[in-house]
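In full-length UniProt numbering, the protein residues as written are 1 to 271. One structure is given below, encoded as structure tokens.
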């Protein structure tokens with residue numbers, strides 16, 4: 001089964017701090033790293049046997065992406081955009097929690113003509129890419145495709161155009177999100193949110209909830225506990241979980257072992 005992952009690849013500048021800075025403060029950074037990031041890139045890196053469709057921009061950050069992306073273990077379609085690539089500043093606290101400050105660039109700007117003749121059995125798409133108005137074309141692409149859809153609404157789901165979300169849900173996607181995102185998307189507690197979304201799609205709804213584990217609803221509720229772990233950086237745990245879920249769904253695995261495997265992979269990713 002072929003998997004097409006559509007979305008952004010950006011530069012992650014990770015700054016480890018003792019606490020989030022106060023307004024007009026002067027906060028020292030304990031450690032800094034720079035690496036590739038972006039939900040779609042992270043998901044493709046977990047799946048490996050897939051194709052990532054991700055535009056690349058220009059400038060310092062675009063050059064960094066080009067230098068590192070072409071050695072990745074997955075297939076790649078990467079049209080060049082004459083616009084600077086973006087960056088995401090990640091503030092990492094001692095308990096591993098992260099706060100993102102993304103500056104979108106070329107990696108978030110898609111064009112409909114790029115998708116002519118593209119085919120796949122499964123297509124991954126993330127809500128953060130749909131926040132850019134011109135990327136409504138991605139929903140057009142999905143509506144014209146016969147592929148199964150895996151949709152991760154992301155942390156800014158409340159900022160998405162409700163019409164786009166309604167069109168996406170009409171395509172009966174598998175949904176993957178955390179508890180806060182599920183509640184923001186529906187305005188209901190997560191257990192009710194899963195049922196509500198499943199009634200709209202008829203497909204599995206997967207919800208992660210940190211150290212409380214992960215849930216899936218597909219007509220009945222499945223819960224798998226998390227793996228206890230102390231992490232210094234939880235960045236990418238959700239993307240790892242989503243990537244494993246998509247990979248195993250494409251292999252037609254049962255839902256409970258999928259969630260269990262995804263929990264294990266997410267824990268290992270942030271160990």
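Glycine included, every Cβ here is placed at the ideal spot set by N, Cα and C.
Using the C-alpha atoms, what's the distance from residue j back to residue i?
i           : j           : result
residue 121 : residue 39  : 20 Å
residue 69  : residue 150 : 23 Å
residue 241 : residue 31  : 26 Å
residue 178 : residue 110 : 26 Å
residue 139 : residue 216 : 25 Å
residue 207 : residue 187 : 15 Å
residue 76  : residue 155 : 26 Å
residue 270 : residue 98  : 12 Å
residue 203 : residue 262 : 18 Å
residue 131 : residue 162 : 11 Å
residue 168 : residue 128 : 14 Å
residue 66  : residue 134 : 24 Å
residue 231 : residue 96  : 6 Å
residue 52  : residue 117 : 15 Å
residue 146 : residue 172 : 11 Å
residue 106 : residue 71  : 20 Å
residue 33  : residue 233 : 12 Å
residue 226 : residue 189 : 20 Å
residue 83  : residue 201 : 37 Å
Answer with buried or exposed for residue i, where buried requires no fewer than 16 other C-beta atoms within 10 angstroms of its C-beta.
i           : result
residue 148 : buried
residue 159 : exposed
residue 142 : buried
residue 60  : exposed
residue 28  : exposed
residue 220 : exposed
residue 14  : buried
Tell whether a beta-carbon distance below 8 Å holds between residue i and residue j.
i           : j           : result
residue 78  : residue 54  : yes
residue 199 : residue 214 : no
residue 123 : residue 4   : yes
residue 42  : residue 243 : yes
residue 9   : residue 36  : yes
residue 16  : residue 87  : no
residue 11  : residue 74  : no
residue 193 : residue 182 : yes
residue 164 : residue 197 : no
residue 18  : residue 112 : no
residue 47  : residue 246 : yes
residue 25  : residue 126 : no
Name, in chain order, the residues that DSSP records as bridge partners for residue i.
i           : result
residue 98  : 92
residue 234 : In the DSSP output, where bridge partners are listed per residue, residue 234 has none listed.
residue 215 : 207, 223
(message) Extract the residue ranges of the alpha helix (DSSP H) inside the segment 13-48, only unbroken runs of 4 or more that lie entirely within it.
(response) Given a length threshold of 4 residues, each whole run of the alpha helix (DSSP H) inside the segment 13-48 is given here in chain order: 39-47.
(message) For a minimum of 3 consecutive residues, which ranges assigned as the beta strand (DSSP E) are wholly contained in the segment 126-181?
(response) DSSP runs (the beta strand (DSSP E)) wholly in the segment 126-181: 148-152, 174-178.
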